[in-house]
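K.L.:
Following this message is one structure expressed as structure tokens.
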Amino acid sequence: MAEDCIFCQIVDGEIPARVVYEDADVLAFLDANPLAPGHTLVIPKEHHETLGDVPPESGEMMFAALHYLTPIVEDVVGADGSNVAFNNGEAAGQEVPHVHGHIIPRFDDDGGRP
Ligand code: 5GP
Ligand code: ZN
């Protein structure tokens, strides 16, 4: 756990979040400032800053959770598809330095890219 990391604090229950999935290695919760209904973040419970820092096993767990959750999130909000993405590093727009995948539901009539 990194003391000043908000996502580590969510893992520890110190900051509340709307958790949609949890297992021993991975947590998924709704984004506090969603780009679309159902916008979900998937994180490894262990603190790693970027994808390159994540050990392969944790990367596999994270991908398995994204794979499992994406169609469920889409079904729950009635989406037609989704953007599944990582902002990897500050230069790429990563604001929270604890690696996270975004599931951003998309709708046929939503008129553009997130
Ligand atoms: P990034 O730009 O780092 O890829 O995305 C960070 C995401 O985390 C943003 O979409 C932002 O809305 C979300 N976020 C930041 N702080 C919190 C928080 O305390 N709780 C939740 N649920 N989401 C957060
Ligand atoms: Zn962290």
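Just so we're aligned, residue 31 is where the sequence shown starts under the numbering used here, counting upward by one.
We put the beta carbon where it would ideally sit given N, CA and C, even for glycine.
Keep in mind that this is a model prediction, so the values were computed, not measured.
Rounded to a whole number of angstroms, what is the C-alpha to C-alpha distance between V56 and G141?
P.N.:
If I take the Cα positions, the gap works out to 32 Å.
K.L.:
Is DSSP giving I134 helix, strand or coil here?
P.N.:
It is a strand residue.
K.L.:
Pick helix, strand or coil for V56, following the three-state DSSP scheme.
P.N.:
Here V56 sits in strand by DSSP.
K.L.:
The beta strand (DSSP E) spanning V72 covers which residue range?
P.N.:
It spans 70–74 - the beta strand (DSSP E) in which V72 sits, taken as one unbroken run.
K.L.:
Which residues are close to the ligand ZN, meaning CB closer than 7 Å to any heavy atom, in chain order?
P.N.:
In chain order, the hits are M31, A32, C35, F37, C38, H77, H128.
K.L.:
Have a look at G108, E104, V72 and flag the residue whose alpha-carbon is nearest the alpha-carbon of A94.
P.N.:
Nearest of G108, E104, V72 to A94, Cα basis: V72.
K.L.:
In chain order, what residues of the same chain lie with their CB nearer than 8 Å to the CB of L99, ignoring the 5 residues before and after it?
P.N.:
Answer for L99: V50, Y51, A58, T70, V72, I133, listed in chain order.
K.L.:
Given that a residue counts as buried once 16 or more other Cβ atoms are within 10 Å of its Cβ, and exposed if not, what is M31?
P.N.:
It is exposed - the Cβ of M31 has fewer than 16 other Cβ atoms within 10 Å.
K.L.:
Does the beta-carbon of I45 have 16 or more other beta-carbons within 10 angstroms, so that it is buried, or is it exposed?
P.N.:
Exposed.
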